[in-house]
Structure formats: structure tokens, C-alpha cells
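Participant:
There are 2 protein chains.
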Amino acid sequence: MNDEPSTRDRLVQAATRLFRQRGYDGTGLTEILTEAGVPKGSLYHHFPDGKADLACAAADWTASEIIRVIDDSFRTAPDWRHGVTTFCYKMAKLFDILESADACPIFGLLFEGPDQDRFRAQAEHSFDRIIAAATRYGEGLGLTHEAAHDAAETFIIGFQGSWTLARTRRKSDVLRGLPARLYGPLTA
Amino acid sequence: MNDEPSTRDRLVQAATRLFRQRGYDGTGLTEILTEAGVPKGSLYHHFPDGKADLACAAADWTASEIIRVIDDSFRTAPDWRHGVTTFCYKMAKLFDILESADACPIFGLLFEGPDQDRFRAQAEHSFDRIIAAATRYGEGLGLTHEAAHDAAETFIIGFQGSWTLARTRRKSDVLRGLPARLYGPLTA
DNA sequence: CCGCCAATAGACCGTTTGGTCTAGTAACAC
DNA sequence: GTGTTACTAGACCAAACGGTCTATTGGCGG
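Going down the list, the protein sequences come from chains F and C.
2 is the number of the first residue of the first sequence in the working numbering; add one for each residue after it.
2 is the number of the first residue of the second sequence in the working numbering; add one for each residue after it.
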């Protein structure tokens, strides 16, 4: 029973949380190190390029978490709208747990830092993974590949915008209301 | 003919651009000062709280710019969809001019910095101004207040998400495709 | 026991940060 | 002229930054 997460994992998770709260440039290395309970030497052992490497790892980890939620939401969904709705409700719950303070978990920690294009590329990659995951479920529900991809993009675009608005207002309702915005009110 | 912008305006505009490119914490005061050609003393004369004040002024200024584009797009629009479409095309053009590098002009510079709640409140205010502007045009086009407000929110949520995706991909198409996503393909 | 290497530990460094403070200047009132 | 106010100008500072470097530890193969 090895329930202690590895040093590397503790770093990535602490970094993810802090970047989400304060942004890349707003978070100091010392802060991450303290939070993770890890000395500086270990950071540069696991991530030779330091902060930038850590940010990319954090982005990757976040994308995987999102995909896990997508899986949980769509695996048993009878149709596309149900999958989207479940996802939105799960994320609204997460939003409330986070006390409305954090950036959108998908994009929060990207687009900053000196190394602009590296981060942009990492964001694009994470985004594509997420959209691809959703697309697969759309196909499984009978949509053509093109239709599924389009639906997945619309879904993620709407989610991204909704999270941002929810954050400015500190109200998770916006997230729960997304399916009705995208697909119209439920017909009895 | 006083075509020289005031010291204050030069500061706000330089700050707006830099914050949009590198974020709040990513931008140094020196950088802003150099860009604006203004010494430090003047900054703290016009903005006693320094960087934070400047950021709020920049957010306000940006919101006004966005509302100007909304005005230009909706004033002569025959219906809601036309207004949204014109807005999206104008913003796509802006996106291309900015070389795809910048954050969403609506939200780019918010949500960072030590003073979390002040910035959040400023973002909420700017957001509301923009949604209110769009809502007014919706009412003018015959929608009830509630319907117009809802349409405006959906529009801005979609725009926000689209800009983010456009930025990760460095392609403005996503912006131009938004109306079709929201309102379906054009019927002949 | 030794040798080896991954990993830990944190002192240390040069740079840059946002912010303060004193001095100087231009315009107007009287 | 003098006084006053609004603004410009930039030297200066303590603190924090990301990153480097040396030393040490722990565990496994031999």
C-alpha cells in the first residue's frame, strides 16, 4: 500500500492548484515548493527546465482530469445532450468546491510566461485531447465524425465561456444553464 | 488641435496592450513606463494605488472599446443574428491584426494580481456593461427584456469561448463560425 | 563493505520587481 | 514678483524572483 504520492506528483498537483488560483507569473517557485513540501533541488531534478516544465506537466495533468470527467459523464449517457448536461453539473459542483476562485481548469494556467509559443502549443494540445475525447462519445452516440467534432467544439467553447462568466459572478448557475442555451429548453 | 494623448491616456493604453499580451503579473511597471514614455512619478500621481489602479482603468477602457464595436455592429443590423455576425467578423479582423497573440480583449487582463476580489469585481462590472449594451440592442429589435438579456449572455459566453479557442489555434475562423454554432446554418 | 546514482536539501546569487521619496518644472493666481 | 498646485523626473530601496551549485542522503547491485 503506497498511498504517499511521489515527489513529482506532489509538485505537479501543488503547481496546478496555485497556477489556477494566481496564474503562472503570479505564483512563486517558493510558494509551490512550500505547498508541496519539496526542496528546490528536487524540483530541478524532476523538471530540468524549472517552472516552464512544471507548468506544462500541470496542463497535461489537468487535461487528463477533465477527460476523466468527460468519461464519467458520457459513458452511460443515452444521448449527447445528457452527456453535456451531466458534465456541466459535475463541473458546477467542482466550481462550488473550489469556492469560485479558480480559473477555468481547462485553460487557467496557460498563455503566460516568457515562453509564449511553447505554452500556446501545450494549450492547443490539451484542448485537442479534450475535444477528441468528447468527439469519440458523439460518434458512439450515432453522430458522424464531422457532426460529433463540431458538437464537441461547440460544447467546449460554451463551457469555456460559461466558466469565465461564472467566475466573475461567483455563481455556478451559469454552468448548469449551458445545455439549455446550446440546445434549447427541455421539451416535455 | 490637441492631438497628443494625455499622459494618463498613454499610460492606460500602453498598460492595456501589455497586460493583454503578457498578463498582469507578467508585465513589469518599467515596461509600461518605457512603452508609454512616462516617468514613474507621473504614474503614481495619476494612479495612487499604482499597478492595480492602472489595471482597473485598463479594464474599463477595454470594455468601452468593446461596446463601441457592439454599437457599430448592431446600430444598423436588421435583426439579432446580423448584429452578432457583424460583431464576430469585426473581432476576427482585430484578432488577425493582433497577430493572434493576445488574450480575449474582454477578459484578458483580469483575474490576476494579489488583490483578487477587487479585480473580480472590476471584471464583473465590465462584463455587465457589455451585456447590458447588447441587451439594449436586442430589445430594440423586438425582444422582451428577458429574452434580450438571455440572448446577450449566450452571445458573450460564446464569444469568450471562441476567442480562447481561436487563440490556442491562432486561427480567427473560430470567431467567424460562432453565429452558425449558436443559431444554426443560414437558411437559403 | 563499497560504489554508484537517483533524489533530497537548502544556501546562495544576480536580476528584477513594485513602490517610495526628494527634487525640479510649468502654469496660473494674486 | 511670490505662493500654490499639478505634474514630471528618476534615483533609490527592500523584497521577491527564478535559477545554480555544492553537499548529503538512501537504497540497491556487486
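All residues carry an ideal CB built from backbone N, CA and C; glycine is no exception.
1) Whole angstroms is fine: what's the gap from Ile131 (chain F)'s alpha carbon to Thr87 (chain C)'s?
2) State yes or no: is the C-beta of Thr136 (chain C) within less than 9 Å of the C-beta of Arg182 (chain F)?
3) Does the distance between the C-beta of Val70 (chain C) and the nearest non-hydrogen atom of the ligand HEM fall short of 8 Å?
4) Kindly give me the distance between the Cβ atoms of Arg170 (chain F) and Glu125 (chain C), rounded to whole angstroms, as I take these residues to be in contact under 8 Å.
5) Give the straight-line distance between the Cα atoms of Ser74 (chain C) and Phe48 (chain C), rounded to the nearest whole angstrom.
6) Can you tell me the Cα-Cα spacing of Glu66 (chain C) and Thr145 (chain F), whole angstroms?
7) Report yes or no: do the stretch 25-37 of chain C and the stretch 19-33 of chain F share at least 3 C-beta pairs separated by less than 8 Å?
8) Determine, using beta carbons only, whether Arg57 (chain F) and Gln117 (chain F) come nearer to each other than 9 Å.
9) Counting Cβ pairs, one atom from each stretch, are 3 or more of them under 8 Å apart for the stretch 89-103 of chain C and the stretch 33-42 of chain C?
10) Within 10 Å of its beta-carbon, does Leu12 (chain F) have 16 or more other beta-carbons around it, so buried, or fewer, so exposed?
11) Taking the beta carbon of Arg168 (chain C) as the centre, do at least 16 other beta carbons fall within 10 Å, making it buried, or is it exposed?
12) Just to confirm, is the Cβ distance from Leu166 (chain C) to Ile158 (chain F) under 9 Å?
13) Between the stretch 156-171 of chain F and chain C, which residues of the former have a C-beta closer than 8 Å to a C-beta of the latter?
14) Give the range of the alpha helix (DSSP H) segment to which Cys57 (chain C) is assigned.
15) Take Ala37 (chain F) and list the residues in its own chain whose beta-carbon comes closer than 7 Å to its own, dropping the five residues that flank it on each side.
16) As an exercise, report each continuous alpha helix (DSSP H) stretch of at least 4 residues that is fully enclosed by the stretch 8-51 of chain F, in chain order.
17) Given this structure, state the Cα-to-Cα distance separating Gly178 (chain C) from Glu5 (chain F), to the nearest angstrom.
18) From Trp81 (chain F) to Gly139 (chain F), what does the alpha carbon distance come to, in whole angstroms?
19) Where does the unbroken alpha helix (DSSP H) through Lys91 (chain F) begin, and where does it stop?
20) Going by the beta-carbon positions, is the gap between Ser127 (chain F) and Ala60 (chain F) smaller than 9 Å?
21) For Glu147 (chain C) and chain F, any beta-carbon pair shorter than 9 Å?
22) Please identify, using Cβ separations under 9 Å, the residues of the stretch 18-44 of chain C that lie next to chain F, in order along the chain.
Facilitator: By the coordinates alone:
1) As a position in the first sequence, residue 131 (chain F) is number 130, starting the count at 1. As a position in the second sequence, residue 87 (chain C) is number 86, starting the count at 1. Taking the straight line from one Cα to the other gives about 30 Å.
2) Taking the first residue of the second sequence as 1, we reach residue 136 (chain C) at position 135. Taking the first residue of the first sequence as 1, we reach residue 182 (chain F) at position 181. Contact flag unset, no.
3) No copy of the ligand HEM occurs in the structure displayed, which carries no ligand at all.
4) Numbered from 1 along the first sequence, position 169 holds the residue referred to as residue 170 (chain F). Numbered from 1 along the second sequence, position 124 holds the residue referred to as residue 125 (chain C). Indeed they touch by this definition, with Cβ atoms about 6 Å apart.
5) Taking the first residue of the second sequence as position 1, residue 74 (chain C) is located at position 73. Taking the first residue of the second sequence as position 1, residue 48 (chain C) is located at position 47. Taking the straight line from one Cα to the other gives about 33 Å.
6) Residue 66 (chain C) sits at position 65 when you count from the first residue of the second sequence. Residue 145 (chain F) sits at position 144 when you count from the first residue of the first sequence. The straight-line gap from Cα to Cα measures roughly 41 Å.
7) yes
8) Your numbering for residue 57 (chain F) matches position 56 in the first sequence. Your numbering for residue 117 (chain F) matches position 116 in the first sequence. In the sequence as presented, Arg is not what sits at residue 57 (chain F); that position holds Cys. No, they are not a contact pair.
9) no
10) For the purposes of this step, residue 12 (chain F) is identified with residue 11 of the first sequence, where counting begins at 1. Buried, because 16 or more other Cβ atoms sit within 10 Å of the Cβ of Leu12 (chain F).
11) Taking the first residue of the second sequence as 1, we reach residue 168 (chain C) at position 167. Arg168 (chain C) is buried by the Cβ-count criterion.
12) Taking the first residue of the second sequence as 1, we reach residue 166 (chain C) at position 165. Taking the first residue of the first sequence as 1, we reach residue 158 (chain F) at position 157. In contact: Leu166 (chain C) and Ile158 (chain F) (Cβ atoms closer than 9 Å).
13) Ile157, Ile158, Gly159, Phe160, Gln161, Gly162, Ser163, Thr165, Leu166, Arg168, Thr169, Arg170, Arg171
14) By one-based count along the second sequence, residue 57 (chain C) stands at place 56. Where Cys57 (chain C) is concerned, the enclosing alpha helix (DSSP H) stretches over 52-75.
15) In the first sequence, the residue the question calls residue 37 (chain F) occupies position 36. So the list reads Arg11, Leu12, Ala15, once near-sequence residues are dropped.
16) 8-23, 30-37, 41-47
17) Position 177 of the second sequence, counted from the start, is the residue given in the question as residue 178 (chain C). Position 4 of the first sequence, counted from the start, is the residue given in the question as residue 5 (chain F). So the two alpha carbons sit approximately 47 Å from each other.
18) For the purposes of this step, residue 81 (chain F) is taken as the residue at position 80 of the first sequence. For the purposes of this step, residue 139 (chain F) is taken as the residue at position 138 of the first sequence. Approximately 6 Å, taken between the alpha carbons.
19) Counted from its first residue, the first sequence places residue 91 (chain F) at position 90. Taken as a continuous stretch (DSSP letters only), the alpha helix (DSSP H) holding Lys91 (chain F) covers 81-98.
20) The residue you call residue 127 (chain F) lines up with position 126 of the first sequence. The residue you call residue 60 (chain F) lines up with position 59 of the first sequence. Result yes, Cβ atoms of Ser127 (chain F) and Ala60 (chain F) sit closer than 9 Å.
21) For the purposes of this step, residue 147 (chain C) is taken as residue 146 along the second sequence, with counting starting at 1. By this cut-off, Glu147 (chain C) is not an interface position.
22) Gln22, Arg23, Gly24, Tyr25, Asp26, Gly27, Thr28
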